[in-house]
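Colleague: Sharing a structure here in structure tokens format.
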Amino acid sequence: MSEEILINVTPRETRVAVVENGMLQEVHIERALRRGYVGNIYKGKVSRVMPGMQAAFVEIGLERAAFLHASDIVRAAPSLVGDAGENGGGQPAATPPILDLVREGHEVVVQVVKDPIGGKGARLTTHLSIPSRYLVLLPYSRMVGVSVRIEDDGERARLKETLQALGRDSQLGYIVRTNADGQSDEALAEDVDYLGRLWQAVQEGIAAAKVGERIYEDLPLSMRALRDLMRRDIEKVRVDSRETFDKTLHFAQQFMPELVERIEHYPGERPIFDLYGVEDEIQRALKKEVPLKSGGYLIVDQTEAMTTVDVNTGGFLGHRNLEETVYKTNLEAAQAAARQLRLRNLGGIIIIDFIDMTDEEHKRQVLRTLEKALSRDHAKTTVYDMSPLGLVEMTRKRTMESLERQLCEPCPECGGRGSLKTAETVTYEIFREITRAVRQFDAEKLLVLAAPKVVSRILDEESAAVAELEEFVRKTIRFQPEEHYSQEQFDVVLL
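Residues 1 to 495, numbered by UniProt numbering, are exactly what the sequence shown covers, in order.
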């Protein structure tokens with residue numbers, strides 16, 4: 001499988017695309033004025049404790065107070081003031097009451113695990129973690145864990161033994177990341193040394209920081225792409241900015257020298273995202289409908305509570321019978337849905353409404369296809385069995401806004417509903433408002449200001465109704481189109 005990472009840099013925005021076999025799979029966007037907060041460490045102050053929710057709100061210098069649940073608080077008190085101290089042991093099974101852990105006014109060292117999304121503030125934890133190329137440092141734990149995606153038992157044991165030996169004197173914990181699979185002891189030792197130096201700098205920052213100050217910030221997107229997305233099957237990393245290319249090359253030489261030769265500068269006149277068709281794919285990813293090669297299509301609908309994916313056969317008629325048609329459409333839809341979730345960065349609860357199938361083996365194959373397609377997703381996903389109605393419930397870990405919500409805003413016409421009242425509906429609302437107004441106030445004439453489309457309809461199709469209304473209210477009514485009014489907006493003015 002051919003896989004490349006494309007890094008497009010403009011003065012105020014960096015975009016990273018992951019392309020597999022010429023097809024866009026992931027897009028990551030970072031804007032200078034709106035960098036994400038995930039991974040950042042702050043010194044905060046508890047502004048409010050909510051015992052009923054087992055949570056506290058913490059001021060960390062962002063627009064909204066951030067949310068800290070009791071289960072995300074390191075039990076030992078030193079961790080709350082930033083001292084790595086004596087936490088080391090295992091955690092109690094039950095979460096203590098929030099008031100036993102923090103009080104209003106307490107200073108806490110916290111890390112952002114989820115960006116502010118919609119009207120919700122950031123989600124915090126005091127279980128700090130700092131990633132490197134192959135490891136994740138857990139400064140308040142002595143555990144050594146290995147990613148479940150490293151499946152070979154012998155390799156898992158080797159990695160765990162190596163880390164336990166390397167970290168014996170530091171009393172720090174580590175998680176071995178997936179891309180550590182097959183790496184040498186020397187490479188792991190370099191990461192342990194790097195994380196040790198970085199943690200020392202963070203501790204010094206904790207001691208000096210004031211409330212609301214950022215102590216540690218994660219790498220910029222171009223560097224994170226190398227750290228988090230680079231795998232052995234990535235053939236090329238192409239960067240269209242000479243300055244960013246030099247920085248990524250220096251980063252790779254320092255932390256992943258074996259991959260340096262795969263990083264190259266793209267000097268072409270044609271924009272790199274245009275060359276690979278990425279721009280067109282991004283535009284398509286903002287639409288609800290996703291066409292399938294068979295002639296079927298998906299409808300992807302993101303709401304506040306969940307995301308739904310509806311599968312339709314469309315123009316695909318098949319060659320044998322209905323069950324075969326449905327089965328083939330669902331197989332294609334399973335692969336397409338997995339790609340769309342990853343491409344659009346959709347998270348939380350997801351419901352996929354496959355077309356009803358009667359054959360149990362077909363259902364199993366469709367579910368297997370979905371799980372296999374999701375296996376390449378960097379975000380954690382959990383898929384449940386198909387319901388009798390053909391629905392598949394699943395979850396995908398969400399740490400930041402979806403692609404649509406990063407690039408778009410609610411429609412000013414409909415307020416995000418996705419639909420507008422018809423001109424006919426608005427017409428009858430105007431008529432009711434006129435009747436209500438003349439009963440409450442005295443006036444000789446009335447002036448109605450409304451959108452041109454609505455006024456045009458009233459004067460043409462509803463002219464007879466207007467004449468009847470004038471006779472009923474015994475007033476003269478004049479209608480005036482206003483270009484800047486939305487279709488639902490109108491005003492009745494008494495003259």
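Cβ atoms here follow ideal geometry from the backbone N, Cα and C, with glycine treated the same way. Source: prediction; values computed, not measured.
Could you spell out where the beta strand (DSSP E) holding isoleucine 299 opens and where it closes?
Modeller: It spans 297–302 - the beta strand (DSSP E) in which isoleucine 299 sits, taken as one unbroken run.
Colleague: Can you tell me whether tyrosine 134 is buried or exposed? The criterion is at least 16 other CB atoms within 10 Å of its CB, across all chains shown.
Modeller: With 16 or more other Cβ atoms within 10 Å, it is buried.
Colleague: Does DSSP classify isoleucine 355 as helix, strand or coil?
Modeller: Isoleucine 355: coil per DSSP, three-state reduction.
Colleague: Closest by CA to glycine 347, which one among Thr307, Phe472, Gly154, Lys445?
Modeller: Comparing Cα-Cα distances from glycine 347 to each of Thr307, Phe472, Gly154, Lys445, the minimum goes to Thr307.
Colleague: Please tell me whether threonine 399 and isoleucine 350 are closer than 8 Å, where the distance is taken between their beta carbons.
Modeller: No, they are not a contact pair.
Colleague: When you compare only the Cα positions, how much space is there between glycine 105 and tyrosine 37?
Modeller: Whole-angstrom Cα-Cα distance: 23 Å.
Colleague: Residue range of the alpha helix (DSSP H) that arginine 284 falls in?
Modeller: It spans 278–285 - the alpha helix (DSSP H) in which arginine 284 sits, taken as one unbroken run.
Colleague: Taking only runs of the beta strand (DSSP E) that begin and end inside the stretch 215–257, which ones reach a length of at least 3 residues, in chain order?
Modeller: Complete beta strand (DSSP E) runs here, min 3: 234–239.
Colleague: Three or more C-beta pairs under 8 Å: does that hold for the stretch 123–143 against the stretch 162–182?
Modeller: Output reads yes: the stretch 162–182 touches the stretch 123–143.
Colleague: Sort Ser402, Gly415, Ser463, Leu407 by Cα distance to threonine 427 and report the nearest one.
Modeller: For threonine 427, the nearest C-alpha among the options comes from Ser463.
Colleague: Going by DSSP, which residues form a beta bridge with leucine 391?
Modeller: According to DSSP, leucine 391 bridges with Asp353.
Colleague: So who's on the other strand from alanine 56, going by DSSP bridges?
Modeller: DSSP output for alanine 56 lists Val49, Leu68 as bridge partner(s).
Colleague: Is it right to say tyrosine 266 is buried, meaning 16 or more other beta carbons lie within 10 angstroms of its own, or is it exposed?
Modeller: Tyrosine 266 is buried by the Cβ-count criterion.
Colleague: Could you pull the start and end residues of the beta strand (DSSP E) that glutamine 25 belongs to?
Modeller: Unbroken beta strand (DSSP E) run through glutamine 25: 23–31.
Colleague: Excluding five sequence neighbours on each side, which residues of the same chain lie with their C-beta closer than 8 Å to the C-beta of alanine 304?
Modeller: What sits at residue 304 in the sequence shown is glutamate, not alanine. Same-chain partners within the cutoff: Gly118.
Colleague: Given a cut-off of 8 Å, decide if alanine 189 and leucine 166 are closer than it, judged by their beta-carbon atoms.
Modeller: Yes, Cβ-Cβ distance for leucine 166 and alanine 189 is below 8 Å.
Colleague: With DSSP as the reference, identify every bridge partner of residue 497, one or two as the case may be.
Modeller: The structure shown does not extend to residue 497, since the chain is modelled only from 1 to 495, so the question has no answer here.
Colleague: Is there a C-beta anywhere in chain C that falls below 8 Å from the one on alanine 379?
Modeller: The chain inventory of the structure shown lacks chain C, comprising one protein chain alone.
Colleague: Helix, strand or coil for asparagine 179 per DSSP?
Modeller: If DSSP states are grouped into helix, strand and coil, asparagine 179 belongs with the helices.
Colleague: Which residue wins for smallest C-alpha separation from glycine 44, given the options His28, Ile29, Val108?
Modeller: Among His28, Ile29, Val108, the Cα nearest to that of glycine 44 belongs to Val108.
Colleague: Nearest-angstrom Cα distance between leucine 343 and leucine 449?
Modeller: Going by the C-alpha atoms only, they are around 44 Å apart.
Colleague: Using 8 Å as the threshold, is the C-beta distance between isoleucine 60 and glycine 212 below it?
Modeller: Contact: yes.
Colleague: When burial is assigned at 16 or more other CB atoms within 10 Å of the CB, is asparagine 21 buried or exposed?
Modeller: Result: exposed.
Colleague: Please state the DSSP three-state secondary structure of alanine 423.
Modeller: In this structure, alanine 423 counts as helix in the three-state DSSP scheme.
Colleague: For threonine 381, count the other beta carbons within 10 Å of its own beta carbon; 16 or more makes it buried, fewer makes it exposed. Which is it?
Modeller: Buried, because 16 or more other Cβ atoms sit within 10 Å of the Cβ of threonine 381.
Colleague: Lysine 328 lies in the alpha helix (DSSP H); which residues open and close that run?
Modeller: 322–344 is the extent of the alpha helix (DSSP H) around lysine 328.
Colleague: Would you list the one or two residues that DSSP bridges to phenylalanine 441?
Modeller: The partner list for phenylalanine 441 (beta bridge, DSSP) is empty, contrary to what the question assumes.
Colleague: If I'm right that methionine 357 touches glutamate 323 with Cβ under 8 Å, what's the distance once you round it to whole angstroms?
Modeller: Their Cβ separation, rounded to whole angstroms, is 7 Å, which keeps methionine 357 and glutamate 323 in contact under 8 Å.
Colleague: Can you give me the Cβ contacts of glutamine 406 inside the same chain, cut-off strictly under 7 Å, excluding the 5 residues immediately before and after it?
Modeller: The answer, listed in chain order, is Ile29.
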